[in-house]
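To start, the structure under review is shown below, and the notes come after it.
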Amino acid sequence: MGVDETTAALERLKDESYMRKCKERILKDKASPTWFARTRDAVLGFIIYHAHLWLQRFIIRFCPKSLLISLGRRLREQEDGSSRIAPRVHRLSPHIVLMSGWGITRSRAANQKYAYHHVNPAIVRIPQVYRFFEDQSTRDPEGYLFMEYLRGKTVAELDAATEGNTVSKALTQRVSDIQVHLMSIKAEDGTPPGPVGGGFPKGYIWGDFGGNACFSSVEDLNRYLNKRLKHINKSIDVGPCYPLVLCHGDLVRRNIIVLDDSNGKATSSPTDVTEKELGLVDWGHSGLYPRIFEFVAMESVNEGHYDDPHRGYQFAEDLKKATYDKIKPTVEEMECYQNLLYTRSLNLRYEPSFFEQSD
1 MGVDETTAAL
11 ERLKDESYMR
21 KCKERILKDK
31 ASPTWFARTR
41 DAVLGFIIYH
51 AHLWLQRFII
61 RFCPKSLLIS
71 LGRRLREQED
81 GSSRIAPRVH
91 RLSPHIVLMS
101 GWGITRSRAA
111 NQKYAYHHVN
121 PAIVRIPQVY
131 RFFEDQSTRD
141 PEGYLFMEYL
151 RGKTVAELDA
161 ATEGNTVSKA
171 LTQRVSDIQV
181 HLMSIKAEDG
191 TPPGPVGGGF
201 PKGYIWGDFG
211 GNACFSSVED
221 LNRYLNKRLK
231 HINKSIDVGP
241 CYPLVLCHGD
251 LVRRNIIVLD
261 DSNGKATSSP
271 TDVTEKELGL
281 VDWGHSGLYP
291 RIFEFVAMES
301 VNEGHYDDPH
311 RGYQFAEDLK
321 KATYDKIKPT
331 VEEMECYQNL
341 LYTRSLNLRY
351 EPSFFEQSD
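In full-length UniProt numbering, the protein residues as written are 1 to 359.
Okay, here's the thing in C-alpha cells:
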C-alpha cells in the first residue's frame, strides 16, 4: 500500500470514528432527561392548545402536577431565559391561561372561585378557576393557577390609545355599579374576616409585607389594627362597620377588561365600550371585609404617576366618589376609614416584627 493510500485509509478511519462518536452523542442526547422533558412539554402544550375545550379542562384537572409544573417552567424559560419564580401569565390555549410563580397563593384562587360563584355575570364576568396547586419543591412555594381566558383589552390599554382617558371616564359609573354589587355580596354569619378560606391578607392596607396574620374573628382583626394604631395614640373597632362583604381590593384599570364580542370582534373605538361586557381579574388582594376597606384600597391606589397623562389615580378618585355617592357610608365607617389609612401608613413604615416586639 502506497503512502497516499495509507493516508486515505487513516482519514477514512478518522471520519468513521468521528461519525460514530456523533451518532453516540445524538443517541445519548435523545435519551437524556432534558431532551425527553422538552419533547414531553412540547407535546403536552400542543395537545392542550389544539384540543377541544372539554378535553383541555380534563387535562388541566387530572394531569399530574409534575407535568404541569414542568410545562410552566419551560414556558418561563422560553419567555425570559430563566425559570425564576416571579409571577408570569401564559396563555395555554384560546380558552385557558396559567398564572404561576411566587405570590400566586391558595387564597387568591379561593377568592376568585368565591367571586365566580357569587357575582352576577350579567354585571361583570369573573374568570372560572379550573385548578390550583403549589409546588413545594422550591424554597418559596410557587403557585399554579389555571383559569378561563377572558378575551379583550384592559381599560389601561384602551386609555393609552386615547386622549384624556376617554375609556375609563366613560366606564366610571359602570365600574362603580360593579363595586356596589360586590359590596352587596355578604358573607355568612360567623365567617372570619380576610381572604376566603383563611390565609394572610394582601393589598394596600397591609403594606409591602402583607398582613402577616390570620384572623378568626372581628376581635382578631381589631387586635391587629390596634397594635399599630397605639403608636399614634389611636384605636379602632371595625364591628360597627360589619357585615363582611366581598371586596376586590385592587379595582384599577389594568384589572378591568373590556371583553371582545362573542364573535371575537374587539373594541374598535372608545365610544362603543359602554355596550361591551366587562371582566374583573386579579383577585390577589381580595377577601371578605367590611365595605369601608374597599374605599381605603381606592384611596391607596398608586397606578401611574402624577405627571403621567394616563395616570390611574384620577380614575380611582372618580370611582371612589361615584361609589361613595351610591352607598353613603355611615359616620362610624368614615371614622374607621381614617384609622385604616393610618394603619396603612404604619404598615408601610415598619416591618411586622416591629409591632410584635413593641407588644
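For every residue, glycine included, the Cβ atom is placed at its ideal position computed from N, Cα and C.
Spatial neighbours of Leu346 within its chain, please: CB distance less than 7 Å, with the 5 preceding and 5 following residues excluded, ordered by chain position.
Shown here for Leu346: same chain residues with a beta carbon closer than 7 Å to its own, the five before and five after excluded, namely Arg228, His231 in chain order.
Considering only residues of the same chain and omitting the five flanking positions on each side of Asn111, which have a CB-CB separation below 7 Å?
Annotation for Asn111: Pro195, Val196, Trp283, Ser286, Gly287 place their beta carbon closer than 7 Å to its own, counting only its chain and skipping 5 residues before and after.
Who does Ile185 pair with in a DSSP beta bridge?
Looking at the DSSP assignment, Ile185 forms no beta bridge with any residue, so it has no partner.
Burial state of Phe293, where buried means 16 or more other Cβ atoms lie within 10 Å:
Counting Cβ neighbours within 10 Å, Phe293 comes out buried, since at least 16 surround it.
Could you please give the first and the last residue of the uninterrupted beta strand (DSSP E) stretch that includes Thr105?
Under the DSSP assignment, Thr105 falls outside any beta strand (DSSP E); it carries neither an H nor an E label.
Measure the beta-carbon distance from residue 371 to Val129 and round it to whole angstroms, keeping in mind my assumption that it falls under 8 Å.
An answer regarding residue 371 cannot be provided, because it is not within the stretch 1 to 359 covered by the chain.
Which word fits Asp272, buried or exposed, when buried means at least 16 other C-beta atoms lie within 10 angstroms of its C-beta?
The residue in question, Asp272, is exposed, as its Cβ has fewer than 16 Cβ neighbours within 10 Å.
If Pro193 sits next to Val218, beta carbons under 8 Å apart, how far is it from one beta carbon to the other, in whole angstroms?
Beta-carbon to beta-carbon, Pro193 and Val218 are separated by about 7 Å, close enough to satisfy the 8 Å threshold.
Could you check how far apart the C-beta atoms of Arg344 and Val296 are, in whole angstroms? I think they sit under 8 Å.
With 8 Å as the limit, Arg344 and Val296 qualify as a contact, their Cβ atoms being about 7 Å apart.
Cys336: which of Gly239, Thr138, Glu356 sits nearest, CA to CA?
Checking every option, the nearest Cα to that of Cys336 belongs to Gly239.
How far does the alpha helix (DSSP H) with Ile236 in it reach, from first residue to last?
No alpha helix (DSSP H) contains Ile236, which DSSP labels as neither H nor E.
Grab me the residues of Lys320's own chain with a C-beta within less than 7 Å of its C-beta, minus the 5 sequence neighbours each way, in chain order.
Close CB contacts of Lys320 within its chain, under the 7 Å cut and outside five residues either way in sequence, are with Phe295, Met298, Glu299 (chain order).
What is the DSSP secondary structure of Tyr306, reduced to helix, strand or coil?
Only weak support exists for where Tyr306 lies, its pLDDT of 46 falling under 50; the coordinates are left without a value.
Let me know the secondary structure DSSP gives Tyr350 once reduced to three states.
Note: Tyr350 maps to coil in three-state DSSP.
Beta strand (DSSP E) segment containing Thr154, residue limits
Taken as a continuous stretch (DSSP letters only), the beta strand (DSSP E) holding Thr154 covers 152-154.
When the Cα atoms are used, what is the spatial distance from Ala109 to Pro201?
Whole-angstrom Cα-Cα distance: 13 Å.
Within-8 Å CB hit, His285 to chain C:
The structure shown contains no chain C, having only a single protein chain.
Does the distance from the C-beta atom of Thr323 to that of Val124 stay below 8 Å?
Result no, Cβ atoms of Thr323 and Val124 do not sit closer than 8 Å.
If we count Cβ pairs, one from each stretch, closer than 8 Å, do we get three or more for the segment 33-44 versus the segment 63-78?
Yes: the two stretches touch, three or more of their Cβ pairs being nearer than 8 Å.
Assuming Ser107 contacts Gly199 under a Cβ cut-off of 8 Å, what Cβ separation, rounded to an integer in Å, is found between them?
Right, their Cβ atoms sit about 4 Å apart.
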